[in-house]
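J.: UniProt numbering applies: residue 1 is where the sequence shown begins, and numbers increase by one.
Even glycine gets a Cβ: it sits at the ideal position worked out from N, Cα and C.
Source: prediction; values computed, not measured.
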Amino acid sequence: MAEDIEEIRKRKLMELQRRLAEQQKAEEEAARQQAELEAQIQAILRRILTPEARERLARVKLVRPELAQQVELILVQLYQTGQIREKIDDMKLKKILAQIDARTRREFRIKW
């Protein structure tokens, strides 16, 4: 009886360890894929943005990461569909940022 209980405990422990190992493996794979995707995005951005525009986007990413990510994805999509034919300079990036920010920003009004 005690041996049966011990055997059941060992099997449960082994099953938990196996599940944990599978979960860790899946998380590592997801992190690797995310890093690979980020590297591809950065490579495309290096091709289509001037150094000044890349610096501006990096600064925006520090302050408003969600806005920067949205801009990055839009720029990559435009590049992949062939709609970007020349490098985007700092002024063009400012305009793009302003347009996207205006679309996504919510106004808060306080009524007295």
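Once the 5 residues before and after Y79 are set aside, which same chain residues still bring their CB inside 7 Å of it?
T.: Closer than 7 Å at Cβ, skipping near neighbours: I44 and I48.
J.: Quick check: what's the CA-CA separation for Q77 versus I110?
T.: About 38 Å.
J.: Of all the options E86, D101, T104 and A98, which has the alpha carbon lying nearest to the alpha carbon of R46?
T.: E86
J.: Are there 16 or more other CB atoms within 10 angstroms of the CB of L37, so buried, or fewer, so exposed?
T.: In summary, L37 is exposed, with fewer than 16 beta-carbon neighbours lying within 10 Å of its beta-carbon over all protein chains present.
J.: Out of K10, I88, L67 and L73, which has the shortest C-alpha to C-alpha gap to A98?
T.: For A98, the closest C-alpha among the options K10, I88, L67 and L73 is that of L67.
J.: Can you give me the C-alpha to C-alpha distance between Q23 and Q34, rounded to a whole angstrom?
T.: 16 Å
J.: Quick one: Cα of I8 to Cα of I41, how far?
T.: For I8 and I41, the distance between alpha carbons rounds to 49 Å.
J.: Give me the Cβ distance between D89 and T50, rounded to the nearest whole Å; I'm assuming they're in contact under 8 Å.
T.: Contact holds; Cβ gap of about 5 Å.
J.: Going by the CB atoms, is the gap between V71 and I96 shorter than 8 Å?
T.: yes
J.: Since L93 contacts L62 with CB under 8 Å, what's their CB separation in whole angstroms?
T.: Going by Cβ atoms, the distance from L93 to L62 rounds to 15 Å, so no, they are not a contact pair.
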